[in-house]
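Accompanying notes for the structure given below.
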Amino acid sequence: MELQQVDIGSEYHELSEEVLSARITARKEELGEKLLILCHHYQQESVYRFADMTGDSLKLAKHAAACNDKPYIVFCGVHFMAESADILTGDNQAVILPDLRAGCPMADMASLDEVAWVWKELASVTAVDRIIPVTYVNSSAAIKAFVGERHGSVCTSSNAERVLTWALERGDKVFFFPDEHLGRNSAIALGIRPEEIILWNRDEHLGGNSEDAINRAKVILWNGYCTVHMQFNAAHVRMWREKDPEVKIIVHPECTHEVVSGADHYGSTENIIQAVSSSPTGAKWAIGTEINLVNRLVRLNPDKEIHSLSPFQCLCSTMYRIKPKYLLWILDNLVNGEVKNQITVDPDTAKLARIALGRMLEI
Ligand code: 13P
Ligand code: SF4
566 MELQQVDIGS EYHELSEEVL SARITARKEE LGEKLLILCH HYQQESVYRF
616 ADMTGDSLKL AKHAAACNDK PYIVFCGVHF MAESADILTG DNQAVILPDL
666 RAGCPMADMA SLDEVAWVWK ELASVTAVDR IIPVTYVNSS AAIKAFVGER
716 HGSVCTSSNA ERVLTWALER GDKVFFFPDE HLGRNSAIAL GIRPEEIILW
766 NRDEHLGGNS EDAINRAKVI LWNGYCTVHM QFNAAHVRMW REKDPEVKII
816 VHPECTHEVV SGADHYGSTE NIIQAVSSSP TGAKWAIGTE INLVNRLVRL
866 NPDKEIHSLS PFQCLCSTMY RIKPKYLLWI LDNLVNGEVK NQITVDPDTA
916 KLARIALGRM LEI
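First residue of the sequence shown? That's 566 in the numbering used here, and the numbers climb one at a time after it.
Structure follows, in structure tokens:
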């Protein structure tokens, strides 16, 4: 979802990196305990350095839920993350996204209308009360509410396998959206056979599947994807294998199954950081995830040899929209008692979405 960002004015656009940095530091001090800045690992360094807490989607959601004493939560990430934080925090807390244009293209690949329509199509050929819907956290609050209302759960890249197991204990099938690849990688890791996994092509009747295939399927995948992680391919894996057999390959599960199955390890951004940071001196890594995180790992691990899996820069351009000037503009306004760019989920949607998020946090 792309929202409009107001023009913050030339006074901010003209500030140098040093001035921005000094003023953000001063504003943080002024706001003190009232302020919490959460940063996703894909944030650029000039913003990431101001984080009170950094993390993957799960860690940040948990942290937001636990911080009920912070009236202002500035979320340096993308829109769905700020929505989840708003759902998990109290009415007396404001969750703020410094640039409203920071959305997630993958989350936009599943609208409530489309998902509801597919659910109806499924109901015309199979027993939907035996299907458990699971949505990746990279989805709108409306989608999470849809799932919450139908006994389903949210998942993140660090718990998708656990959530799928939970869902298959409660139903015959899982309808997984919006990320085809996280869904397939998790299902295959659980031993679900490829013929029990079907892809729903939204442009075709019954998603391009026969009634028989739908009824035999255990996992039905939405055909959404991450534009960043789709840039890694099997040729990159082969290139590193041929170049240096000592290089270990670690990738995010939003990559295709070809890439994940060719890698040595896969996991969420937090898992990738842990694996690389805890490896011995001299370890060699090729990493298949967003470039700001890869570059940070290079800087923080000078005793290791770290590369991006792809020779091209795989940048998440929406995460990149959060810049120091927007962060400063938000903090200046907070100091003056004004809350800009607050992300609010309407109470009815929030109530149902909270059920789906709550299930995930319990699983
Ligand atoms: P995690 O940080 O949860 O691994 O997810 C990455 C992501 O897709 C952010 O959009
Ligand atoms: Fe969305 Fe991919 Fe960017 Fe994550 S990295 S915010 S999934 S586009």
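Glycine is no exception: its CB is placed at the ideal position from the N, C-alpha and C atoms.
Heavy atom of the ligand SAM less than 6 Å from the Cβ of residue i, yes or no?
i, result
"MET671", "In the structure shown, the ligand SAM is absent; the only ligands present are the ligand 13P and the ligand SF4."
Confirm the yes/no value for this check: CB of residue i, any heavy atom of the ligand 13P, distance under 6 Å.
i, result
"THR883", "no"
Just to check, is the beta-carbon of residue i closer than 6 Å to a non-hydrogen atom of the ligand SF4?
i, result
"CYS791", "yes"
"ASN703", "yes"
"VAL784", "no"
"VAL939", "Nothing can be reported for residue 939, as the shown portion of the chain is limited to 566 through 928."
"VAL643", "yes"
Residue i and residue j: beta carbons closer than 7 Å?
i, j, result
"ARG614", "ARG886", "no"
"LEU661", "GLN839", "Note on identity: in this sequence residue 661 is Ile, with Leu being the wrong assignment. No."
"HIS605", "MET618", "no"
"VAL699", "PHE640", "no"
"LEU874", "ALA848", "no"
"LYS738", "ILE696", "yes"
"TRP787", "ALA675", "yes"
"LEU623", "THR721", "yes"
"LEU585", "LEU603", "no"
"LYS808", "ASP829", "no"
"ASP744", "GLU835", "no"
"ALA918", "ILE652", "yes"
"TYR577", "CYS881", "no"
"ARG588", "LEU893", "yes"
"VAL816", "CYS879", "no"
"GLY827", "ALA800", "no"
"THR914", "VAL643", "no"
"GLU761", "ALA782", "yes"
"ALA630", "VAL904", "no"
"TRP805", "ILE785", "no"
Can a CB atom of chain C be found closer than 7 Å to the CB of residue i?
i, result
"GLU595", "Of the chains in the structure shown, none is chain C; there is only one protein chain."
Below 7 Å CB to CB, which residues in the same chain sit around residue i once its five sequence neighbours on both sides are set aside?
i, result
"PHE645", "CYS669, ALA672, VAL702, ASN703, SER704 and SER705"
"ARG715", "PRO698"
"THR691", "ILE779 and ASN780"
"THR909", "ASP651"
"GLN609", "ASN857 and TYR885"
"LEU580", "LYS890"
Quick one: what's got a C-beta closer than 8 Å to residue i's C-beta in the same chain, skipping five residues either side?
i, result
"LEU596", "TYR637, LEU896, LEU899 and VAL900"
"PHE877", "GLN796"
"THR846", "ASP868 and LYS869"
"LYS593", "LEU600, ILE602, PHE615 and LEU896"
"HIS822", "HIS746, ARG749, ASN750 and ILE753"
"LEU568", "HIS644, LEU665, ARG666 and GLY668"
"ARG767", "GLU679, VAL683, TRP787 and ASN788"
"GLU582", "SER611 and PRO889"
Cutting at 6 Å between CB atoms, please list the residues of its own chain near residue i, excluding the five before and the five after it.
i, result
"ARG932", "There is no way to answer for residue 932, as the model of the chain reaches only from 566 to 928."
"ALA725", "LEU747 and SER751"
"ARG924", "SER718"
"ARG735", "ILE697"
"ASN774", "ILE763"
"GLY713", "LEU917, ALA918, ILE920 and ALA921"
"SER611", "PRO889"
"GLU811", "LYS849"
"LYS635", "LEU601"
Quiz item: Going along the chain, which residues put their C-beta within less than 5 Å of some heavy atom in the ligand 13P?
Solution: ASP621, SER622, THR721, SER722, SER833 and THR834
Exercise. Tell me the start and end of each unbroken beta strand (DSSP E) in the segment 763 to 798 that is at least 3 residues and wholly inside, in chain order.
Key: 784 to 787
Quiz item: Quick one: complete beta strand (DSSP E) runs, 3+ long, within the segment 685 to 763?
Solution: 696 to 701, 718 to 720 and 738 to 742
Quiz item: In chain order, which beta strand (DSSP E) runs of at least 3 residues are fully inside the segment 569 to 641?
Solution: 600 to 605, 618 to 620 and 637 to 641
Quiz item: Hey, which unbroken runs of the alpha helix (DSSP H) at 4 residues or more fall wholly within the segment 865 to 901?
Solution: 889 to 900
Self-check item: beta strand (DSSP E) runs wholly inside the segment 649 to 674, at least 3 long, in chain order
Solution: 659 to 661
Exercise. Enumerate, from N- to C-terminal direction, the unbroken alpha helix (DSSP H) stretches of 4 or more residues contained entirely within the segment 830 to 866.
Key: 834 to 842 and 856 to 865
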